[in-house]
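Read in the numbering used here, the sequence shown has 303 at position 251, and its numbers run on one by one without any break.
What follows is one structure encoded as structure tokens, with my remarks underneath.
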Amino acid sequence: MKNGYELFVRPLLFSLDAETAHHLTIALLQRASHFDPALRVLRSLQPSSKPKALFGLNFPNPIGLAAGLDKNGVALPAWAALGFGFIEIGTVTAKAQPGNPKPRIFRLPEQQALINRLGFNNDGADAIAQRLAALRDNGLWPAVPVGINIGKSRTTPLEQATDDYLYSFRMLRDFADYITLNISSPNTPGLRELQEPERLSELLYGIGKEAGTAPKPLVVKISPDLSGTELKAILVVCEENGVSGIIATNTTLDHSSIDQTGGLSGAPLRHKSTALVREINARSTIPVIASGGIFDAESAREKFQAGAVLIQLYTGLVYRGPQLLREIMERL
Ligand SMILES: Cc1cc2nc3c(=O)[nH]c(=O)nc-3n(C[C@H](O)[C@H](O)[C@H](O)COP(=O)(O)O)c2cc1C
């Protein structure tokens, strides 16, 4: 049976082009974030709580918002009101940037999937730090953990990637409960090369050195397109550098039958992504946050059974709406 979002909201949003629908949704949630009666309405959708502790943080439930939906961190109170157990904003880059030319998000309704080649369009670390400071100063900071996902600016050469990440890290760490290093988006040329052991070591060492006396948990987000050998090498480097968690996975480039450039997310990514969660769990003790193709309680359960401690939603929300959270929590 279809839920209220699928019956009434999705047809309206899907009558618009995908990026327009996205901007409209974010604009409404941004407004709602500053309007108490609207937050009360959103709270009526909240799932039951099922607390979980991970890297010293308390999560009211294990379902998080995946990076990319609120790249600029404009709607934190609304996400918390909807009942997310944690919220990851970003990807934020050191420099503000417009991203790739439009159109750059495509729906594939038959496959319950999206393809995007946004390319880290975002307001940049300075503007986002200011926005987060204002939110905190106005007493609107959410009560759930907030992760900040950072990536490399497009115009920064790969050789200077560490400095570029460091800039965002310094600007944003005070606002973050954890920091995610995104080294796996397929839409910034060369970014995925940061998954190579030497480059990853350099990045983790650079950030680790900067972390100070009260370091924030550092999480690495990886691609689903890694070979077994590549994954093994990444895990060794992450363990050597005391990484707190791994997000598995980002979008995939493995979609030869679909004639559109970009990263594929949603249902077709589900099993590939789960297989990676299982493999990480078998090889390492680093906790895993699972992301990829979670559309219902069954696909969420699959991630936990594969060893995930927390999960994150993106494409499932676009297709199933915020009631998905309650559906998962009630049927897990
Ligand atoms: C339109 C779109 C934009 C995204 N932007 C980002 C991003 O900026 N940073 C990031 O780490 N992941 C980004 N992702 C990846 C998601 O966070 C998630 O890891 C991936 O889509 C797999 O989960 P899903 O199948 O539930 O969508 C994006 C995904 C989509 C569909």
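Glycine included, each C-beta is placed from N, C-alpha and C at the ideal position.
Excluding residues up to 5 positions away in sequence, F111, P114 lie with their Cβ nearer than 6 Å to the Cβ of K104 in the same chain. Partner residues in the beta bridge of Y230, as assigned by DSSP, are G199. Between Y219 and K204, the gap from beta carbon to beta carbon reaches 8 Å or more. Note on geometry: alpha-carbon atoms of Y230 and E162 lie some 36 Å from one another. Note that the region 148 to 162 does not touch the region 89 to 106; fewer than 3 beta-carbon pairs, one per stretch, sit closer than 8 Å. Of the residues L80, N168, K54, the one whose Cα lies closest to the Cα of D311 is N168. For F111, the secondary structure class from DSSP, reduced to helix, strand or coil, is strand. When DSSP reads this structure, A300 sits in a beta bridge with I274, A342.
Distance check between G314 and each of L255, L65, A148, P155 places P155 closest, using alpha-carbon atoms only. In this structure, ligand 1 has no non-hydrogen atom nearer than 7 Å to the beta-carbon of K204.
At least 8 Å separates the beta-carbon of I141 from that of G151. Excluding sequence positions up to five before and after I78, its CB lies within less than 7 Å of the CB of D122, V126, A127, all in the same chain and listed in chain order.
Note on L59: under 16 other CB atoms within 10 angstroms of its CB, so exposed under the neighbour-count rule.
Minimum Cα-Cα distance from Q98 among the listed residues R383, L377, A342 corresponds to L377. Under the Cβ criterion (8 Å, minimum of three pairs), the region 239 to 246 does not count as touching the region 294 to 301. The DSSP-derived three-state label of I235 is coil.
In this structure T145 does not touch A179 by the C-beta definition: roughly 11 Å separates them, more than the 8 Å allowed. Under DSSP, L106 forms a beta bridge with L109.
Nearest in C-alpha terms to N201, of all of S317, L233, P194, is L233.
Relative to ligand 1, the beta carbon of L255 is positioned no closer than 7 Å to any heavy atom. Residue state for L192 is assigned as coil, using DSSP reduced to three classes.
The Cβ neighbour count for Q357, taken over all protein chains shown within 10 Å, is under 16; the residue is labelled exposed. Cα atoms of D306 and L316: separation of roughly 8 Å, rounded to the nearest angstrom. G280: member of the alpha helix (DSSP H) spanning 280 to 292, first to last residue. In this structure R335 is not in contact with G359, their Cβ atoms being roughly 10 Å apart against a cut-off of 8 Å. I78 sits in a helix when the DSSP states are folded into three classes.
With respect to the 8 Å criterion, S343 and A118 are classified as neighbours on the basis of their beta carbons. DSSP places I259 inside the alpha helix (DSSP H), whose first and last residues are 249 to 262. Minimum Cα-Cα distance from E350 among the listed residues G373, T326, I380, V361 corresponds to I380. About 7 Å separates the Cβ atoms of Q375 and G56, confirming a contact at the 8 Å cut-off.
Residue environment for M223: buried (at least 16 other C-beta atoms within 10 angstroms of its C-beta).
Residue burial is scored here from C-beta neighbours: V340 has at least 16 other C-beta atoms within 10 angstroms and is therefore classed as buried. When the alpha-carbon of F221 is set against those of L246, I363, G199, E382, the nearest one is in G199.
In the three-state reduction of the DSSP assignment, Q98 falls in the coil class, being assigned neither a helical nor a strand state.
Taking the Cα positions, T214 is about 10 Å away from L246. Per DSSP, the beta-bridge partners of I363 are I115, A342.
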